[in-house]
Amino acid sequence: MVIIGGILMASYAPRKAPLGVAAALLVAGALLLLCAGVLLVSLKDFSRTTFLKVFKWAIFADLVTAAMIEFAFVRDHTNGASLFIVTCMLAVFTLSVPTTIAFTVARYAED
Amino acid sequence: MTDTVKDVASLMSDGPPRERAKIQVVPLKGLPIAAAAVVFVTLAIAGNWQWALVFCHVAGGGLWTGIDLFVGLVLGPILGRLSIPARAEFSARFMPKMVIIMPTVVMMTLATGFQIARKMGNLYAHSPNHPWLIASFCVVGVMAVIALGILEPANIAVLFEMNKLVPNGELIGRLMKRFIYTAGITGLMQIATLIIMTRVATQ
Numbered sequence: 001m002v003i004i005g006g007i008l009m010a011s012y013a014p015r016k017a018p019l020g021v022a023a024a025l026l027v028a029g030a031l032l033l034l035c036a037g038v039l040l041v042s043l044k045d046f047s048r049t050t051f052l053k054v055f056k057w058a059i060f061a062d063l064v065t066a067a068m069i070e071f072a073f074v075r076d077h078t079n080g081a082s083l084f085i086v087t088c089m090l091a092v093f094t095l096s097v098p099t100t101i102a103f104t105v106a107r108y109a110e111d
Numbered sequence: 112m113t114d115t116v117k118d119v120a121s122l123m124s125d126g127p128p129r130e131r132a133k134i135q136v137v138p139l140k141g142l143p144i145a146a147a148a149v150v151f152v153t154l155a156i157a158g159n160w161q162w163a164l165v166f167c168h169v170a171g172g173g174l175w176t177g178i179d180l181f182v183g184l185v186l187g188p189i190l191g192r193l194s195i196p197a198r199a200e201f202s203a204r205f206m207p208k209m210v211i212i213m214p215t216v217v218m219m220t221l222a223t224g225f226q227i228a229r230k231m232g233n234l235y236a237h238s239p240n241h242p243w244l245i246a247s248f249c250v251v252g253v254m255a256v257i258a259l260g261i262l263e264p265a266n267i268a269v270l271f272e273m274n275k276l277v278p279n280g281e282l283i284g285r286l287m288k289r290f291i292y293t294a295g296i297t298g299l300m301q302i303a304t305l306i307i308m309t310r311v312a313t314q
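Heads up: the sequence lines are chains A and B, in that order.
Going by the numbering used here, the residue at position 98 of the first sequence is 98; the numbering climbs one at a time, nothing skipped.
With positions in the second sequence counted from 1, the corresponding number in the numbering used here is that position plus 111.
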């Protein structure tokens, strides 16, 4: 969802993108991430130690990527509501990718 | 591939667990190189440094496309014909390096590419290259979903599994199948990128 939203925002740059569509995609992405979080917390037979170990490393890498993308948008004078939506999209992206990676590893862990 | 999965499973469960060197999932020696690339790209964007932007975009993009196509079309079929122990030994050395290399070259390519497009006016609606750039955004979006959602989790999971005392060969085979199934799509996307970028550069 946020990748589609990001493509939409980038395709309108340096003009102002239609924020309604981007905001709707952001909300949808955030809701899906929230569902994933709730489902993860409710899992019983699951290695949370391995999940957190992998999550830490993966989020570090994704934070660097997200910071780079944010920096590029700020450098291009994106501001106001557009910048807010881009930042929120990056936050959802930064949380969802490490969650996917960490879950894939942790579901097969033995501890 | 099903014979391979069976072979891996039997190889992995025969006899007592063997002592193997622990695989470093993230090769720490590669982190300074990745960090240097990040710093260089940041400086290039901050200073609007034309040469550095083009260098990072061309070098990063060339490496990204080259590695993807070479691994998918050349290494992949060769690996499929190797014995299981040879395949496991190659993967144990190769996959950790990909964990560092691929995100770095992708970051270099995309961050500087956007800046170059803005600088050259290709992002404006009236630019003849605008539709081509939108196409490249879509191509990159597809590759991002495949790489971040399917391949990278499988890559890390395989490395963790190989570090276990008795790795589950069937699981490793199942996870590695993702690379085979997505190789066609990513190969197509990379060829599309080559067509788009050469079109943009010559238009």
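Think of the CB as a built atom: it goes at the ideal place given N, C-alpha and C, for glycine as much as any other residue.
| Check | Outcome |
| --- | --- |
| Touch check for the region 49 to 65 of chain A and the region 190 to 202 of chain B: three-plus C-beta pairs under 8 Å? | no |
| Could you check the C-alpha separation between Val295 (chain B) and Lys230 (chain B) for me, to the nearest Å? | Before going on, a small fix: residue 295 (chain B) reads as Gly here, not Val. Going from the Cα of Gly295 (chain B) to the Cα of Lys230 (chain B) covers about 33 Å. |
| Less than 8 Å between the C-beta atoms of Leu305 (chain B) and Thr176 (chain B), yes or no? | yes |
| Measure from the alpha carbon of Leu262 (chain B) to the alpha carbon of each residue in B:Ala228, B:Ile245, B:Val250, B:Met213, then state which is nearest. | B:Met213 |
| With 16 as the cutoff for other CB atoms within 10 Å, does His237 (chain B) come out buried or exposed? | exposed |
| Find the residues of chain A that neighbour Glu263 (chain B), judging by a C-beta separation of less than 7 Å, and give them in chain order. | Ile101 |
| Is Pro207 (chain B) closer than 8 Å to Thr100 (chain A) when the C-beta atoms are compared? | no |
| Measure the Cβ-Cβ separation of Val239 (chain B) and Gln314 (chain B) and say whether it is below 8 Å. | Residue 239 (chain B) is actually Pro in this sequence, not Val. In contact: Pro239 (chain B) and Gln314 (chain B) (Cβ atoms closer than 8 Å). |
| What are the uninterrupted segments assigned as alpha helix (DSSP H) that are 4 or more residues long and contained completely in the region 46 to 82 of chain A, given in chain order? | 48 to 75 |
| If you measure from the beta carbon of Ile85 (chain A) to each beta carbon in chain B, is any gap under 8 Å? | no |
| So, are the CB atoms of Ile227 (chain B) and Leu282 (chain B) less than 8 Å apart? | no |
| Please look up how many angstroms separate the CB atoms of Val210 (chain B) and Val136 (chain B), rounded, as I've assumed it's under 8 Å. | 7 Å |
| So, for Trp243 (chain B): in the same chain, excluding its five sequence neighbours on each side, which residues have a beta-carbon less than 7 Å away from its beta-carbon? | Ile307, Arg310, Val311 |
| Taking 8 Å as the threshold (C-beta atoms), are Met89 (chain A) and Gly20 (chain A) in contact? | no |
| Ala148 (chain B) and Met254 (chain B) - do their beta-carbons sit closer together than 8 Å? | no |
| Under the three-state reduction of DSSP, which class applies to Val277 (chain B): helix, strand or coil? | coil |
| Starting from the C-beta of Phe55 (chain A), find all residues in its chain whose C-beta is less than 6 Å away, skip the five residues before and the five after it, and write them out in chain order. | Pro98, Ala102 |
| Quick one: Cα of Leu299 (chain B) to Cα of Ile257 (chain B), how far? | 13 Å |
| Is it true that the CB of Ala36 (chain A) sits closer than 8 Å to the CB of Phe225 (chain B)? | no |
| For Phe71 (chain A), which residues in chain B fall below 9 Å Cβ to Cβ? | Thr153, Ile156, Ala157, Ala222 |
| Is it buried or exposed for Asp45 (chain A), if we count other Cβ within 10 angstroms and need 16 for buried? | exposed |
| What would DSSP say about Arg107 (chain A), mapped onto helix, strand or coil? | coil |
| So Phe93 (chain A) and Ala66 (chain A) are supposed to be a Cβ contact under 8 Å. How far apart are they, rounded? | 6 Å |
| Give the interface partners of Met68 (chain A) over in chain C, defined as CB-CB distance under 9 Å, in chain order. | Any reference to chain C falls outside this structure, whose protein chains are A and B. |
| Let's test the definition: count the other Cβ atoms within 10 Å of the Cβ of His77 (chain A) and tell me whether it reaches 16, buried, or not, exposed. | exposed |
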